[in-house]
Every structure is written in structure tokens, then in C-alpha cells.
Amino acid sequence: MGAGHVVGRSSFKIDSAPLISGTARFTGDIPVKEPLHLAFAYSQAAHGEIKDIDLSAALQVPGVAAVFHHGNTPHTYFTTAGQGYPEPSPYDYTLFDHHVRFAGDRIAMVGAETQAAARRGAALVIAEIAPLPPLFDPELATAPGSVRLHQDGEHAVIPAAYRPEENVAAEVTISFGDIEGGFEDAAFIEEHTYHTPYASHCAIEPHIVAVEHQPDGRMVIISSTQVPFHVRRIVSRLLDIPLHYIRVIKPRIGGGFGAKQDAVLEPFAAFAALQTGRNIRMELSRREVFVSSRTRNPMRIALKTGVDANGKLTTVHMDALMNTGAYATHALTVLSNAGAKVLPLFNKVENLAFNGKAVYTTLPIGGAYRGYGATQGYFALNQQIDIICRRLGLDPVEYCKAWHIKEGESSAVFEALGEGRDGVSQIIQSCKLSECLDTGARAIGWQEKRGKRMTTEDGRVRGVGMAIAMQGSGIPEIDMGSASMKMNEDGSAQLFVGATDIGTGSDTILVQIAAETLLMPPEKIYILSSDTDLTPFDVGAYASSTTYISGGAVQKCAQKILDRLARVAARMLDCSPEDLLHEPESFRLPGGERKVTFEEILYHATYTAEQCQIQAGASHTSRESPPPFAAQFAEVEVDPETGVVRVLRFVSAVDCGRAINPALAEGQVEGAALNGISFALTEQYRFSESGRMVNPSFGRYGLPTAPDVPEMQTILVDSYEPSGPFGAKSVGEIGINGAAPAIANAICDAVGVRLFDLPFTPEAVYRAIHGADSL
Amino acid sequence: MGVLTWLQPTTVEELSQLLKTRSLRLHGGGTAILRNPPENATLVDLSRLAWDSVEVTEDTITVGATATYERVRAALCSQEPDHLLCKALQTAAAPSLRNRITAGGSVAFSPPWSSFTGPLIALDAEVEIVGAADGRFPVTEYLSNHALHRGSAIRSLVIPRNQGERSLYYRFAPVSFSYSLFSLSVLTTDARPGRAVIWGTRNRYVALTGKEFTDSAALHSVEFPARDGFSPEYLKHVASVELGRGFSAIGGRER
Amino acid sequence: MNGLFLINGTEVEIDFPSDATLVQLLRAHGYTEVKQGCSHGECGSCIILLEGNPVNACQIYAATVTGRKITTGTGLSEFASWSAVKNAMIRRGAVQCGFCTPGVMASAVALLEHTPEPTVSEIAAALTGNLCRCTGYVKIVQAIKDAASEGEQ
Chain S
1 MGAGHVVGRS
11 SFKIDSAPLI
21 SGTARFTGDI
31 PVKEPLHLAF
41 AYSQAAHGEI
51 KDIDLSAALQ
61 VPGVAAVFHH
71 GNTPHTYFTT
81 AGQGYPEPSP
91 YDYTLFDHHV
101 RFAGDRIAMV
111 GAETQAAARR
121 GAALVIAEIA
131 PLPPLFDPEL
141 ATAPGSVRLH
151 QDGEHAVIPA
161 AYRPEENVAA
171 EVTISFGDIE
181 GGFEDAAFIE
191 EHTYHTPYAS
201 HCAIEPHIVA
211 VEHQPDGRMV
221 IISSTQVPFH
231 VRRIVSRLLD
241 IPLHYIRVIK
251 PRIGGGFGAK
261 QDAVLEPFAA
271 FAALQTGRNI
281 RMELSRREVF
291 VSSRTRNPMR
301 IALKTGVDAN
311 GKLTTVHMDA
321 LMNTGAYATH
331 ALTVLSNAGA
341 KVLPLFNKVE
351 NLAFNGKAVY
361 TTLPIGGAYR
371 GYGATQGYFA
381 LNQQIDIICR
391 RLGLDPVEYC
401 KAWHIKEGES
411 SAVFEALGEG
421 RDGVSQIIQS
431 CKLSECLDTG
441 ARAIGWQEKR
451 GKRMTTEDGR
461 VRGVGMAIAM
471 QGSGIPEIDM
481 GSASMKMNED
491 GSAQLFVGAT
501 DIGTGSDTIL
511 VQIAAETLLM
521 PPEKIYILSS
531 DTDLTPFDVG
541 AYASSTTYIS
551 GGAVQKCAQK
561 ILDRLARVAA
571 RMLDCSPEDL
581 LHEPESFRLP
591 GGERKVTFEE
601 ILYHATYTAE
611 QCQIQAGASH
621 TSRESPPPFA
631 AQFAEVEVDP
641 ETGVVRVLRF
651 VSAVDCGRAI
661 NPALAEGQVE
671 GAALNGISFA
681 LTEQYRFSES
691 GRMVNPSFGR
701 YGLPTAPDVP
711 EMQTILVDSY
721 EPSGPFGAKS
731 VGEIGINGAA
741 PAIANAICDA
751 VGVRLFDLPF
761 TPEAVYRAIH
771 GADSL
Chain X
1001 MGVLTWLQPT
1011 TVEELSQLLK
1021 TRSLRLHGGG
1031 TAILRNPPEN
1041 ATLVDLSRLA
1051 WDSVEVTEDT
1061 ITVGATATYE
1071 RVRAALCSQE
1081 PDHLLCKALQ
1091 TAAAPSLRNR
1101 ITAGGSVAFS
1111 PPWSSFTGPL
1121 IALDAEVEIV
1131 GAADGRFPVT
1141 EYLSNHALHR
1151 GSAIRSLVIP
1161 RNQGERSLYY
1171 RFAPVSFSYS
1181 LFSLSVLTTD
1191 ARPGRAVIWG
1201 TRNRYVALTG
1211 KEFTDSAALH
1221 SVEFPARDGF
1231 SPEYLKHVAS
1241 VELGRGFSAI
1251 GGRER
Chain B
2001 MNGLFLINGT
2011 EVEIDFPSDA
2021 TLVQLLRAHG
2031 YTEVKQGCSH
2041 GECGSCIILL
2051 EGNPVNACQI
2061 YAATVTGRKI
2071 TTGTGLSEFA
2081 SWSAVKNAMI
2091 RRGAVQCGFC
2101 TPGVMASAVA
2111 LLEHTPEPTV
2121 SEIAAALTGN
2131 LCRCTGYVKI
2141 VQAIKDAASE
2151 GEQ
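Residue numbers (the working numbering), protein chains in the order written: chain S, 1 to 775; chain X, 1001 to 1255; chain B, 2001 to 2153.
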């Protein structure tokens, strides 16, 4: 599908210039009058009961004004998860607690005149903690002898499985067909267990918030958040303040990736603002972001697959154990997605079972992270497909082409697996995964390289591997976005969207969508986003919903504007709106020269006759969540003598429908892909025996910079999703899913060993090649 | 919150007086101090002493203590691109940190991830010290003799130019911008037995000479602590593999 | 304590805490484009130019750079290569969240001032200390290459 007037073109990101020149403002750049700075004090112990908190030293620090802890704060349960209401995450979190549940759990909060004083005071808070047995192994979480983390009145607010008495934060079970029979009849069975670890989003801007009191008594929260509307509601309900007293503004944000899809700081900041009457500033240090904010949920996936005599995958049993850490934010939904986003991909499977449990441990909090369970699920599934293909002597590219879900098809999984409720069935209307596979295979040199084990002069061996994925475009029947627009008399427009640009460029593509609908220059549309006072509702930046759902709302809204412009034009030209031809910034009566520009229409409407403001609003939800698809290919070079793996080339071929802005879509895929590559090879949370993270810094965590990037190629294949705005689907998450399994498959291609646990550190690869006890 | 007292001597005499009379910390580029910023301290900012020159003669490279990594790299690599130190500094830290890390500060700190001290040892470099201890000392002696640290400051480093020597520098780091787990500096000429320094071992470093590189008995002395998720055995294994490769690569004895 | 700072061509006398780092001083005086992503010299979002050379402002005590020429993100336009880099970054779509961008711009401009025709490898090396989680660095490196080629013409 070719480019339209503006959609399908890589028009310049609206905020590029101010971000480059440094004038764009992030939360920390916005002046706040005389703030009180907040800093947390944390537990060093992984598990315990606070017997006493000694604040005497903290209170003596000059500038310290207040200290909050479980003794002087309300014990109201809530969830920090930024999700629709009622949230599918259990209410197992309070502002403070006498029970600490991981090394890095908050025990108190100090307010002081400077950030340094607040941190100083926090460091001097002394808590006497009576230790409780820790729980670090999720496999032991439900064992009768294991300590329980949540036994105090924590509860779920939707009718979903929540059994804290067993340390079960969430449970999902679906099945259809005949699992036992399927395995019995299978020509062969493969059964393997895969592990994915903790990971940090590493958004370069740490979590940060400011709260300002308004003269009229309202509270303004300025926050680096992906979910401003959810934050408003969470704070309102928690602190029992009317929702309309609160305004939440998201300025520019320095990355989210899911880290900021929780109300990590806002409830604390808002509470302190209320209690002290002061404006508030709070910012986490990088160490605190690693340890005490949110992470990717580690998962263990046991995957058992049965293949029939014809090579068809007939029976799948996925058993997932998810470590949700000390609190269950996003537990049910991430767990569900490990199945819901992954299993429909091979929709000809007749017998399928997915059972998953999310369990509590005394470890950092798992939350939302790009990919959201699908990343973990795909790590397992794509390796299993590779294993099956090797056993059958088949090319996995051809195998996937043959068996993946196709246009016009559905999967029973869509309906079976929702997010805490029944899923929604859908028929795939756009799927160019086979084209992705072909294009990507050609680009990496699949035929030339696969199985060849090309060896360099110094003994390094090369291989290629592949992985496929689908994600979603919003949560069907749950996610909602809205937009409103007003036209100025010179033909320019203000566009108001709740949608949250977290660096993704949604501001830009939403303007493009509006501009395309109206056939007007995008430079004349000024967008204001994510201000709960001024912009209509949007769930926020998650679930890959912005392009598809928020974009849908913008398209609807712009269409209404167009209709209203047409009606005025018709009056001016003394005809019927249906007679008019819509041209760039104008309407024309066909067969003549009579036309009227938007500017003329708007001056007329504003000043001349039947005056009105041309404005409109619209909302959008969807019954479907049309998946983007991706095929990702890795070429690796393995040094068998050291286990060092280098990714030489990485190709992502993606079907995101029609890319509204190809450059921005590519950017999403590239950033996600590199994140997936480092997730596979170098990123690591390391813990001491007592459960403390020992490497909470960028320098020790394993993040790549420019010299580490392989040759990356991103191909957006031609596609069109009928239900999406101008044919678009979303693309924010999918790029992260394929790297780890593609690299695992490539390592296997190169040196014949398979790694089931991430990350593939040089030592792990070495031991896989030479034996666990080889050193 | 804290209070730092800044002293900024402009002459060696001023500095020597300070070194004699006060308990203080020397500040080169500040990157080592800022890893663990002191609450209250007296810091002697050496940047006003004009000790930042890099002089390259036929035999020697003389590096002032406050010359930054980048200044040394730029001066050296333009004249002697194959010099061991040029190779080492090319991949040290990042450009922005190389513009602050000073030669003297780096030697004084010599952390396990240093890109500098290992090569200096391999090169038989010397430190020139002023203060309580005065004079020129091999870097190895400076590292092991704490009497040379108290009340003294590094004035410069004197590094043999070793033209015609073949060298290799290797650092083991999973990603480019990270603290290396160990580094190897290997030097050889046809006239002299090769030598290698493995920096970052359990006892800071191990220096080996030619025939010891592939001698398993000598390599026994190469011990690492567990570090950044890698086991001591693995680190030792990679060090010995890369040592063998490195030595071969620069025309050392055949593998 | 007190000191004279030369920031983006302007001389200004500033009262500052003796233990203030340069990033703290700069941000307190309105140069909020100098970011704090880690405060450990490990992310590069605070990279500014000191006499034209990139440095991490969080790893510098303000007291040690009085009287020395400081250029922050908003002052980089004094360098000839800035305009080409800026335009290329915009054209390529190399700016996503923008938090790393002022630091990237400083590193890029410094590189092109010293090395007008860098290879891709040299560009990547110059960016070693600039962490970006959004872009995968792909379009950033492409943009700087574009800018360098444009400079050749």
C-alpha cells in the first residue's frame, strides 16, 4: 500500500527539534515552587517484620521535615498496576507496611528541603526487622512449608484466581481438545523447560514525579508516567480525594518500556503533598530503579509438544510458572499473555493446554515490560519449533510458513484466554508473516548460511537462527482512547488526545492520522496529549494500543470535523454536503471552479453566519486486537574456546499493517530488537545469598552501546489492516520477542548446543559446549 | 550536604607544602573520587599545576600526572599507533571519561578494570613522585609499596617507547561500555623474550615472561576472584586462551 | 563557594555548594538539557563539552572547572557541524524519547569537529559512553554519517 498524503510517510517527529536543542521539558526540568523532596528508606533484609523504626537520627538531619512509615499512614490496599478499572491485579500493596517482602522494599519515606537531605535522612532511618524465612525459589513458593508473603487482607477485585494463602498471585488454566490422546497418538514428543530471568527496562530517565498544590485546592501531579489517567484514578481512590481534584500531566518522558506503567511514585508523592501541604519532588536513583521499582517477571516454561506422522504440530501443553516477586502487579495479565499472545500463532493445534501460575517470592517486583509475557512465551515456543524441525529434517522457515495462522483464520485461544476474563474471539484480517519469513530469510542469507557452520580462520563458527512472533494491538473490549479537536479560523487545528507519547512518537503519528483524514498539512495541527484536565481519556501507552486504538479515535474525531466543515461549506456553496469533493484543505463542487478553503469555511463559521466553533470528540475501542507479526533472524559467530557469542547481523521483518510513519515504526523495532539481543546475551540481575541485587548499576548490568550493535536491518512488509486507522496495526512491543530465541537457534545451528536459560553469557555457552563441569 | 575544602596549588612548592602538613586527598580528574563522594574532605585539585603535558621523544614517553587518557591517546596514537598504550587507551572507558581520567589518578587508583596500569607494568614504566617520597620508581614498586603513597603525589609517568616492539592489548568485557573483567598486555620483539601482564587477577596482576605463557605451571599463578557472574575457573580459562592467541597473533612462539 | 563559569559563551558568577557536581550546578542554573540518568558516569545523558571535549558532567566537581569553557546542549550551535547533525537526526527519525539526545549531540559534534569524515566504526566508538534504550543506536549512527557526508560537500 503506497503512501497517502501524509500517512505512510516518514514525516519528521514533532518534538525532534526541541529535544535536540534541549528545550523540551521532562518532569525534572519543570520548576516547582519550594518543593519538599522525598526519599525512601529500604529494607536490607529479604523478609521480615518491622518491630521498631528509630527516626531520631533521620530527624536530626538539617532540612528533614517529615518521615512517613507504616505507623503514620493508612493501611489501604491497592495495586500500583496501571490498568483499566477494576484492575485484574490484586490489591496487595499499601503505602507502607510492617511486613517487608524483599531486599529493597520500602520501609519509610523522608521529606526534606533538599534531595540530599532527604537521602541523608533516609540512610539514617534505623529499622529493627525481625527476620522471616526468605523465599527465593518460585518452584517452592506453593510448597506447604514455604513462608507466605501476603496473609493480611490482600484481595483481588475481579473474580480471578487469587490464593495468597498458597503464595499464588494468579492462575490461568485453559484447555481444549484431548491432550492425553494427542500425546498418545503423536509420532514424537518433545518436552523441554525454558527459563527467562529478571530484567530492567533501563529507561534512561529514572522514575520521577512532582506534585503542585493549586490555589483552588486542586492537586497537579507531573509525572514520568505511561498511564496518566490510571494514576489519577489510583491516587483518587487511595487517598479518598475526588478524582476531579486531581490533574495529572505527562510532559516529555525519558522512556518507559513498561517501567512506568505502574503508579510507582505518584501515590507516595500525592500522599505526602496532602499531609504536609507542601509541593513535592521525588526522583529515584538508578540503583533504586533497578532494585525497588519494577522488572520483567522471570518465568519457567515447560513446553511439551506432540507432532504427528505428517509433521503437524497437533498437541501443545505449556506449563508456566511466573515469579511475580514481592507484589503481584500485572501478574495475571503477563502470565495470561505468555499463552494468549503466543499459542494462537500455530492455530492448527487441535489439543492445547495452557496452565500457568504466578507466585510470590521475596524478590524484586515483576511488573509490565515490553512484550509482557509474550517475550517469555516466544523464547520457549520458537526454540521448540526449531527442535521439532531439526528432528523432522525440515527448514523452520518453511515449517512456519506452512503452519502459522493465516488471514481469515482464528484460534480458539483468542476466546479462551483473556486478561482475567474471557478473551475475545477474532478473525485475522491481515497477516503477512509468510512474506516476513521470505523477506527476512533472504536478507540474512538463510539458505546460504543455515547448517553450513562456516568457520573463520581463528576457529569461530557461524550459524543462523530464526523466530516468529505476533503481539496485539490493544486489549480488545477493554482499551479505550479518545480524541477531541477544534479548528481555528486560519485553518489550523488543536488536537487533544489522552494518548501517551513515551518517546514512541505517538504525538506525531496521531497528527499524521488527523492530517490524512482532513487532507491538511500536519504542521497546522498542534497536539496536546496526556493532560487529564485538558485531554479526553486514554488508557495510556501499553498493550501496543496507541496506533490502533488511540489512532482510531483520532481518525473518528477528524472525520467528524470533516463532516462539520463540509456542512458549512455546503451552506456557503449552496449545495448538499454529499455533492462536495474533498481536496487538500478545501472542498470543491465538481464540474466547476467553485470551491471554498478550510480557512474561508472557518472564518465564515466563526464570524459570519450561524456561528459555531467547529469542534468534535470521539472515542474508540475495538472488538479485535489485530496482531502485528514479525519474523526475526540472527546470524551469530560463536567462539567455541571461550563461549563468546557475537551477533553479526540481525534482521527484523515486520507486518504492522500500514506503517503510519515508517521511520518511527522502524525505530520501535530497532530499539526493541537490541533490547531483545542484550536480554539474550548480557543483561543480568545478580543476587547475593541474602536476596540483594549486587549489580544495580548500568555499568554492571550489561547494556549495549553503539559499538555492540550488529548490522541491523528492519523491513516493514506491505500490509493493510482493514480495522485499523488507514490500515495500521501497532508495533511498539513485537520487536523484542524474537531476538533471544533466534539467537538460541543460531547458536544451535553454529555449534550444535542448545541453551534453555537466559542469558547466554560466554560462560554459560562455554559450559553448554564443553560440559557443565568442564572447568 | 557535605563540605569540601578545595586547595588549588599552582606550583610544586605549594603542593609539597600541602603534602607535608595536611591529611588530604588528591584530585586529578575526579572520576575515582566521585565513585564514592566524600562527605567532608580536603581535596587538592592538581589541575592548576600544568602537569598535563605528554612528551614523546625517540626513547621515552613522558606523561604528566594530570594528562588525561584522551590527551595521552591522541599524542601517542598520532606518532606511534602500534604502541601498546595506544591500543589500550583506545578502548578504555568511553571518550567522555577519557577526557577526565588522568594518568596519575589512574595509577594511584589502579582498579581491577584499569586499562592503564597493566600496560604500564608490561612496558616497564616508572612513576616520578614528589613529596614525602621523591624520585623515580617502577610502577610495580609503586603499587606494592604504600610508603610511596602517603604524603606524595605522582608527578609524571616515564614510559619506554619501545619502537619496533609488537604488542597486543585485550580486554574481556561482555559489552563495550563496562568495567573489564581482566586485561592482557602482551609485548614481544625478536630481540627480547616476550612478556605479558594479566591485570585484574586476585592479587591485582600477574606478570609472565615468554616461555611462561603456555606453561601450565606458570599459569597456575593466574587466579581470579568470581566477578560479575563469571566463575574464577572460567576467567582463568579465557585468560589463558586469549594469552595464547595474543602471543601467537603478534608473532610469538607458534601455538 | 563562588566561581566564574563560562557557559555557552556567557560568563556568569555562581554561588554553589563546594561538593556540587557540574551537572547539579548546570541544572540548578537552568541548563536542564543536561540530564541525570545515573549520576555515575555510566549513561552519558549528562555529557557536555569542556573546551570542546565531551565529558560527563556528573563526574566533575564544579569547583574544578571554573573559568573553563563549557558548552551544553543548548550551546552546541556554535559548532559548525551542529546544524548538519541536527538536521540529519531529525530526517532519520533518530530521536525517540530524547533523554539521551543532548549528550549524543555533544558527542557527535565533538567527533565531527575533530574527525570530519569518520567511519561508521569511529562514529560508534565516539558514542561508546552514550546509552540509548529507545533507538538501538541504528538511526543515530546513520544520522551522524549523513551529517559527516554532508559536511564533505
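We put the beta carbon where it would ideally sit given N, CA and C, even for glycine.
Please check the pair residue i and residue j, which I expect to be a contact at CB under 8 Å, by giving their CB distance rounded to whole angstroms.
i                  : j                  : result
Ala673 of chain S  : Phe650 of chain S  : 6 Å
Leu1120 of chain X : Thr1031 of chain X : So it is not a contact: roughly 18 Å between Cβ atoms.
Ser223 of chain S  : Val209 of chain S  : 4 Å
Arg700 of chain S  : Gly2037 of chain B : The Cβ separation is near 15 Å, so there is no contact.
Gly503 of chain S  : Gly255 of chain S  : 6 Å
Is it buried or exposed, residue i, if we count other Cβ atoms within 10 angstroms and call 16 or more buried?
i                  : result
Ser56 of chain S   : exposed
Ala2063 of chain B : buried
Lys2035 of chain B : buried
His75 of chain S   : exposed
Leu321 of chain S  : buried
Lys1211 of chain X : exposed
Val2065 of chain B : buried
Ser966 of chain X  : Since the first and last residues shown for chain X are 1001 and 1255, residue 966 of chain X lies out of range.
Tyr607 of chain S  : exposed
Ile107 of chain S  : buried
Pro1095 of chain X : buried
Distance check for residue j and residue i, CA to CA, integer angstroms please.
i                  : j                  : result
His150 of chain S  : Thr94 of chain S   : 12 Å
Phe687 of chain S  : Ala123 of chain S  : 21 Å
Gly472 of chain S  : Leu2006 of chain B : 52 Å
Val511 of chain S  : Leu363 of chain S  : 42 Å
Glu1254 of chain X : Ala1196 of chain X : In this prediction, Glu1254 of chain X has a pLDDT of 43, which is less than 50 and means its spatial position is unreliable; what the coordinates show is noted afterwards. Rounded to whole angstroms, Glu1254 of chain X to Ala1196 of chain X spans 16 Å at the Cα level.
Thr1117 of chain X : Gly2030 of chain B : 40 Å
Gly440 of chain S  : Ile736 of chain S  : 16 Å
Ala742 of chain S  : Pro228 of chain S  : 36 Å
Phe257 of chain S  : Leu664 of chain S  : 16 Å
Gly182 of chain S  : Ser619 of chain S  : 45 Å
Ala1173 of chain X : Val694 of chain S  : 18 Å
Ala680 of chain S  : Gly702 of chain S  : 11 Å
Glu2011 of chain B : Leu2004 of chain B : 7 Å
Leu1181 of chain X : Ala1207 of chain X : 17 Å
Pro396 of chain S  : Pro722 of chain S  : 30 Å
Thr1010 of chain X : Arg1155 of chain X : 13 Å
Can you find a heavy atom of the ligand ADP that lies under 6 Å from the Cβ of residue i?
i                 : result
Leu716 of chain S : Although the ligand ADP was asked about, the structure shown includes no ligands whatsoever.
Ignoring anything shorter than 4 residues or poking outside the segment 56 to 81 of chain S, list the alpha helix (DSSP H) runs there in chain order. 56 to 60
Residues within the segment 1188 to 1200 of chain X neighbouring chain S, beta-carbon criterion of under 8 Å: none
Interface residues of the segment 2023 to 2049 of chain B facing chain X [CB-CB below 8 Å]: His2040, Gly2041, Glu2042, Gly2044, Ile2047
Between the segment 2102 to 2116 of chain B and chain S, which residues of the former have CB atoms less than 8 Å from a CB of the latter, in chain order? Pro2102, Met2105
Unbroken stretches of the alpha helix (DSSP H), 4 residues or longer, contained in the segment 551 to 627 of chain S: 551 to 573, 598 to 603
Note down, one range per segment and in chain order, each alpha helix (DSSP H) of at least 4 residues found wholly within the segment 1012 to 1060 of chain X. 1012 to 1021
Closer than 7 Å, Cβ to Cβ, to anything on chain S: give me those residues from the segment 1217 to 1238 of chain X, in chain order. Asp1228, Gly1229, Phe1230, Ser1231, Glu1233, Tyr1234, His1237, Val1238
With 7 Å as the C-beta to C-beta threshold (strictly closer), list the residues of the segment 1045 to 1063 of chain X near chain B in chain order. Asp1045, Ser1047
With 7 Å as the limit, tell me which residues of the segment 626 to 647 of chain S have their beta carbon closer than that to any beta carbon of chain X; keep them in chain order. Glu641, Thr642
Segments of 4+ residues assigned as alpha helix (DSSP H) that fall wholly inside the segment 1199 to 1244 of chain X: 1216 to 1219
Quick one, which residues of the segment 1028 to 1044 of chain X are near chain B if we go by CB-CB under 7 Å, in chain order? Gly1030, Thr1031, Leu1034, Pro1037
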